[in-house]
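Please read the structure below before turning to the comments.
The structure is reproduced here in structure tokens:
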């Protein structure tokens with residue numbers, strides 16, 4: 039059976055890995071990734087489009103100069119994307135976050151295994167926890183980078199606005215505010231780091247104890263050496 043110290047440390051890492059899994063599920067399911075305000079010019083007037091969306095769905099609203107305002111509509115992101123570039127980027131981000139789910143699940147499995155047993159395979163121990171959490175953190179960071187790139191470089195919000203309101207003409211300017219669903223990915227990275235840190239503390243303490251037990255006999259007191 040694992041020692042109390044091992045059960046405590048791996049149990050803590052299991053909790054943070056499970057929290058990362060839940061947080062990723064929340065991020066994927068939410069549509070509060072970004073809110074965009076876009077201005078378009080028309081023949082006789084200008085209009086403003088407000089968008090709030092995530093990876094799968096969102097809401098859009100249009101107001102025309104002079105006070106006319108259209109009711110808020112729901113839309114599906116995939117249906118409004120015509121460009122291969124923006125669509126492939128969204129798909130890539132979704133795949134990356136699904137892989138993050140898998141790494142969090144594997145980390146939870148590895149840590150749970152070490153709470154209840156002492157696995158013989160080296161990879162099932164701290165090395166496996168390091169690997170899955172490091173990979174999960176890197177993938178999450180990659181998703182955080184790709185999403186703003188898709189908005190700024192590929193004009194994702196403009197394309198979604200045109201999908202909601204096909205009559206829009208010349209795009210003038212836009213502003214973007216990233217929502218809590220996007221910033222939650224920072225929490226996922228910290229949760230992965232926390233799992234690595236906790237297991238590192240355990241691994242370091244175990245290594246120090248092992249080195250203490252393997253201290254060369256010449257460092258022992260000469261009074262207890264038998265010739």
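Numbering (the numbering used here), first residue to last: 39 to 265.
From the three backbone atoms N, C-alpha and C, an ideal C-beta is built for every residue, glycine too.
| Asked | Found |
| --- | --- |
| Consult DSSP for residue 222 and reduce its assignment to one of helix, strand or coil. | helix |
| Comparing the CB of residue 59 with every heavy atom of the ligand NAP, is any distance shorter than 8 Å? | As for the ligand NAP, it is missing from this structure, which has no ligand bound. |
| Short check: CB of residue 138 to CB of residue 177, under 9 Å? | yes |
| For residue 118, report the span of its alpha helix (DSSP H) as first-last. | 115–118 |
| Enumerate in chain order the residues of its own chain whose CB-to-CB distance from residue 173 is below 7 Å, with the five nearest sequence positions on each side excluded. | 141 |
| Between which two residues does the beta strand (DSSP E) carrying residue 100 extend? | 95–102 |
| If we call anything under 9 Å between Cβ atoms a contact, is residue 130 one with residue 113? | no |
| By the 10 Å Cβ neighbour count, where 16 or more other Cβ atoms means buried, how is residue 100 classified, buried or exposed? | buried |
| Can you tell which of 60, 50 and 80 has the C-alpha that lies nearest to the C-alpha of residue 205? | 80 |
| Let's test the definition: count the other Cβ atoms within 10 Å of the Cβ of residue 212 and tell me whether it reaches 16, buried, or not, exposed. | buried |
| What are the partner residues of residue 43, as DSSP defines its beta bridges? | DSSP, once it has assigned bridges, lists no residue as partnering residue 43. |
| Locate the beta strand (DSSP E) running through residue 78, then write down its first and last residues. | 72–79 |
| Under 8 Å by Cβ, that's how I've got residue 170 and residue 194 pegged, so tell me the actual separation to the nearest angstrom. | Rounded, the Cβ-Cβ distance is 30 Å, inconsistent with contact. |
| What does the alpha-carbon distance come out to for the pair residue 59 and residue 136? | 10 Å |
| To the nearest angstrom, report how far apart residue 219 and residue 185 are at their CA atoms. | 12 Å |
| Contact between the region 44–56 and the region 222–242 is defined here as three or more beta-carbon pairs at a separation below 8 Å; is this criterion met? | yes |
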